[in-house]
Amino acid sequence: MQHTEIEGALAGQGLRIGIVVARFNSLVTENLLAGALAGLRRHGVAENAVTVVKVPGSWELPLTLATLAATKKFDGLIALGAVIRGDTPHFDYVAGEAAKGIGSAMMQAEIPIVFGVLTTNTLEQALDRAGAKSGNKGYDAAQTVIEMANLLRELRA
Ligand code: INI
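Right, here's the structure in full:
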């Protein structure tokens, strides 16, 4: 007998997506946002089905994501931020709490919340991942949220 294999489609038609983006290190995060919007558009998510919320820093991402998820108006959310080690001794706290908080927000939300928060040692490494040498993690996040939103729909159907 053949096994069953299930994967989410990379088709954004009909999906409602929220993006929460940190303004801290906006040189990087604005590029991540542009990448995410391009990725959503490229895969068929309607322009008016996308909501962008801006917050001061990555620390503020988890609560904002949890609040958006609780409205039940979204099929998936994307968190975008850039935590750069050189900036502050608070790096470990901010990066660690953002990761933990986003993870627990997702488990409560029951919708995918994609982790598009860069944690790097230098600004250059962050820029490399935000549209330069190493692609754009915002674009990747858009693909992931579409795939995961469709996968969960399918698993629940
Ligand atoms: N926020 C970031 O998103 N990235 C950082 O690198 C960062 N550093 O280095 O401090 C940062 N700090 C601000 C933090 O996210 C909060 O906005 C602030 O502490 C107010 O709650």
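Numbering (the numbering used here), first residue to last: 1160 to 1316. Cβ coordinates follow ideal geometry from the N, Cα and C atoms, glycine included. Computed from a prediction, not measured in an experiment: that's the story for all the values here.
message = Can you determine whether any heavy atom of the ligand INI sits closer than 7 Å to the C-beta of Glu1283, and answer yes or no?
response = Not one heavy atom of the ligand INI sits closer than 7 Å to the Cβ of Glu1283.
ask   = Can you give the Cα-Cα distance for Ala1289 and Ala1257, rounded to whole angstroms?
value = The alpha-carbon of Ala1289 is positioned some 19 Å away from that of Ala1257.
query = For the region 1297-1311 against the region 1267-1278, are there 3 or more C-beta pairs whose distance is under 8 Å?
reply = Because the criterion of three Cβ pairs below 8 Å is met, the region 1297-1311 and the region 1267-1278 touch.
request  = Using 10 angstroms around the beta-carbon of Met1265, count the other beta-carbons present and answer buried if the total reaches 16, otherwise exposed.
outcome  = Classification of Met1265: buried, given that the 10 Å Cβ count is 16 or more.
request  = Determine contact between the region 1174-1185 and the region 1229-1247, defined as no fewer than three beta-carbon pairs at a distance below 8 Å.
outcome  = Contact check between the region 1174-1185 and the region 1229-1247: three or more CB pairs, one atom from each, fall below 8 Å, which counts as touching.
key: Cutoff 8 Å; reference Gly1203; Cβ partners in own chain excluding five residues on either side   = Take Gly1203, set aside five residues on each side of it, and the residues of its chain with a beta-carbon closer than 8 Å to its own are Ala1170, Gly1171 and Gln1172, in chain order.
Lys1168 versus Asn1309: straight-line alpha-carbon distance, rounded = For clarity, residue 1168 is Ala in the given sequence; the question names Lys instead. Each residue's alpha carbon lies about 6 Å from the other.
message = Would Gly1297 and Gly1275 qualify as a contact pair, given that the criterion is a beta-carbon distance under 8 Å?
response = Cβ atoms of Gly1297 and Gly1275: closer than 8 Å.
request  = Check whether the Cβ of Phe1274 lies closer than 7 Å to any heavy atom of the ligand INI, and answer yes or no.
outcome  = Not one heavy atom of the ligand INI sits closer than 7 Å to the Cβ of Phe1274.
ask   = Pick from Phe1233, Lys1231 and Leu1192: whose alpha carbon is nearest that of Lys1213?
value = The residue with the shortest Cα to Cα distance from Lys1213 is Leu1192.
message = According to DSSP, is Ala1257 part of a helix, a strand, or is it coil?
response = DSSP places Ala1257 in the helix class (H, G or I) of the three-state scheme.
task = Starting from Gly1297, follow the beta strand (DSSP E) in both directions and report where the run begins and ends.
result = Premise fails: Gly1297 lies in the alpha helix (DSSP H), Lys1296 to Arg1315, not in any beta strand (DSSP E).
query = Distance, Cα to Cα, Ala1225 vs Thr1163?
reply = The alpha-carbon atoms of Ala1225 and Thr1163 are separated by roughly 33 Å.
ask   = In this structure, does DSSP put Val1273 in helix, strand or coil?
value = Annotated three-state conformation of Val1273 is strand, per DSSP.
ask   = What residues match up with Ile1176 in a beta bridge as DSSP calls it?
value = DSSP lists Val1209 and Gly1235 as partners of Ile1176.
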